[in-house]
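Reminder that position 93 of the sequence shown reads as 93 in the UniProt record's numbering, one-by-one numbering, no gaps.
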Amino acid sequence: MDNDAWYVLKSKPRQEVRAVQNLENQGFEAYCPQLMVEKIRRGVRQKVLEPMFPGYLFVHPDNLIEQFYKLRSTYGVASVLRFGDNIPQIPDEFIQQLKQLDQGEDTLAPKVGDKVEIKSGPFKGFLAKVIKLDGESRCFVMLEWMQKEVTATFSYSELAL
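Take a look at the structure:
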């Protein structure tokens, strides 16, 4: 096993942060990349910190073979990810890139009144104004088409701020 490699742990449901804390308390280097996302709950827009890979986290043990059972029995950890007898290794460079992304800007949804550009579909390149939010991932926009104002609905991924 490579001493510079990271390994993937499967966490118990919604216990990624707990698992990372418990692993760090035992002296392991653990990492769970998270994203700040904006969600609409009960009609209120809130910023929420969520795991980038729900149910998974990364650990960098000194010696996986000697510490395998200690990792597996940590509170919050369900198991070490493996395929049969093969335990996949994650290169350190990949984890460092994730850490850079983790420190990047928040992923935010457009707000009512924002001017957006449509990125795909028949209206690609059109500019529009967000007039209403529709759940966590869609919104209504007003755009001008054939000298008339038209209302359309798009997912956030189809729009650019």
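Glycine is no exception: its CB is placed at the ideal position from the N, C-alpha and C atoms. Because the structure is a prediction, the values reported are computed rather than measured.
Would you kindly report the start and end of the unbroken beta strand (DSSP E) that includes residue i?
i      : result
Gln46  : Val44 to Pro51
Leu133 : Leu127 to Asp134
Phe58  : Tyr56 to His60
Leu10  : According to the sequence as given, residue 10 is Lys; it is not Leu. Lys10 -> beta strand (DSSP E) spans Tyr7 to Ser11.
Phe140 : Arg138 to Trp145
For residue i, name the three-state secondary structure that DSSP assigns.
i      : result
Gln34  : strand
Tyr69  : helix
Tyr156 : helix
Leu161 : coil
Return the chain-ordered list of same chain residues with a C-beta closer than 7 Å to the C-beta of residue i, the five sequence neighbours on each side being excluded.
i      : result
Asp134 : Phe140 and Thr153
Leu57  : Leu9, Ser11, Glu16, Ala19, Val20, Ala30, Tyr31 and Cys32
Is it true that the CB of residue j sits closer than 8 Å to the CB of residue i?
i      : j      : result
Ala160 : Ile90  : no
Val37  : Glu50  : yes
Ile131 : Met142 : yes
Ile65  : Tyr7   : no
Lys124 : Ile118 : yes
Ser120 : Arg138 : no
Phe83  : Pro61  : no
Which first and last residues belong to the alpha helix (DSSP H) in which residue i is found?
i     : result
Ala19 : Glu16 to Asn25
Which same chain residues end up closer than 6 Å to residue i when comparing Cβ atoms and leaving out the 5 residues on each side of it in sequence?
i     : result
Pro54 : none
Tyr75 : Asn22
Less than 8 Å between C-beta atoms, sequence neighbours within five positions excluded: which residues of the same chain meet that for residue i?
i      : result
Ser79  : Leu9, Lys10 and Arg72
Lys129 : Gly113, Asp114, Lys115, Val116, Val141, Met142 and Leu143
Leu81  : Tyr7, Val8, Leu9, Lys10, Tyr56, Ile87 and Pro88
Gln26  : Lys70 and Thr74
Glu24  : Ala30
Secondary structure, alpha helix (DSSP H): runs of 4+ residues fully inside the stretch 76-115: Runs found: 92-102.
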